[in-house]
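> Take the sequence shown: its position 24, counting from 1, is numbered 33 in my numbering, and each next residue is one higher. Glycine included, every Cβ here is placed at the ideal spot set by N, Cα and C. All values reported here derive from a predicted model rather than from experimental measurement.
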Amino acid sequence: MNSTSPVKRCSGECGQYKPESEFYRRGGRLAHLLCSECKTCMVAKQAAWRRENAEHMRAYDRKRYPGRDRTAKNEALRALRATDEGRRRLLDQRLR
Ligand SMILES: [Zn+2]
């Protein structure tokens, strides 16, 4: 192992020692730091998270907005925009 490519232990699923190039950097002010999990583990975890959350969010949406209908809302908006009074109200909401 040469000293120009330091290795770091992944704290994720694989737990392997990998070169630092196999780890993502953190963002913003922490850009000098590496993530504690290797790219492979991060990607796997994010995919799983997205899967779980897509399910979770759908269930949440259903519970929170029962019978939510986008089309009906768009129709209502269009009807509102068709009148001067409606346009004023929409503008008011936006400014507030
Ligand atoms: Zn890993």
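Taking Cβ to Cβ, would you say residue 17 is nearer than 8 angstroms to residue 29?
Your numbering for residue 17 matches position 8 in the sequence shown. Your numbering for residue 29 matches position 20 in the sequence shown. Yes, these two residues count as a Cβ contact at 8 angstroms.
> Take every Cβ of the region 19 to 27, pair it with every Cβ of the region 38 to 46, and state whether three or more of those distances are shorter than 8 angstroms.
A contact exists between the region 19 to 27 and the region 38 to 46.
> Ignore the nearest five residues each way along the sequence and tell me which others in residue 42's own chain have a CB closer than 8 angstroms to its CB.
By 1-based counting over the sequence shown, the position of residue 42 is 33. Taken in chain order, the residues that qualify are 34, 35.
> Where DSSP assigns a beta bridge to residue 26, which residues make up the other side?
Stepping through the sequence shown from its first residue, residue 26 is reached at position 17. In DSSP, residue 26 forms a bridge with 18.
> Which same chain residues, not among the five before or five after residue 100, have their C-beta less than 7 angstroms away from its C-beta?
Sequence index remark: in the sequence shown, residue 100 carries index 91 (1-based). Correct list: empty, nothing qualifies.
> DSSP on residue 87, reduced to helix/strand/coil?
Along the sequence shown, read from residue 1 onward, the residue named residue 87 stands at position 78. Here residue 87 sits in helix by DSSP.
> So does residue 21 have its beta carbon nearer than 7 angstroms to some heavy atom of ligand 1?
By 1-based counting over the sequence shown, the position of residue 21 is 12. Checking every heavy atom of ligand 1 against the Cβ of residue 21, one is found closer than 7 angstroms.
> Throw me the rounded Cβ distance for the residue 103 and residue 89 pair, which I believe falls under 8 angstroms.
Mapped onto the sequence shown, residue 103 falls at position 94. Mapped onto the sequence shown, residue 89 falls at position 80. Actually they are not in contact, since the Cβ atoms of residue 103 and residue 89 sit about 12 angstroms apart, beyond 8 angstroms.
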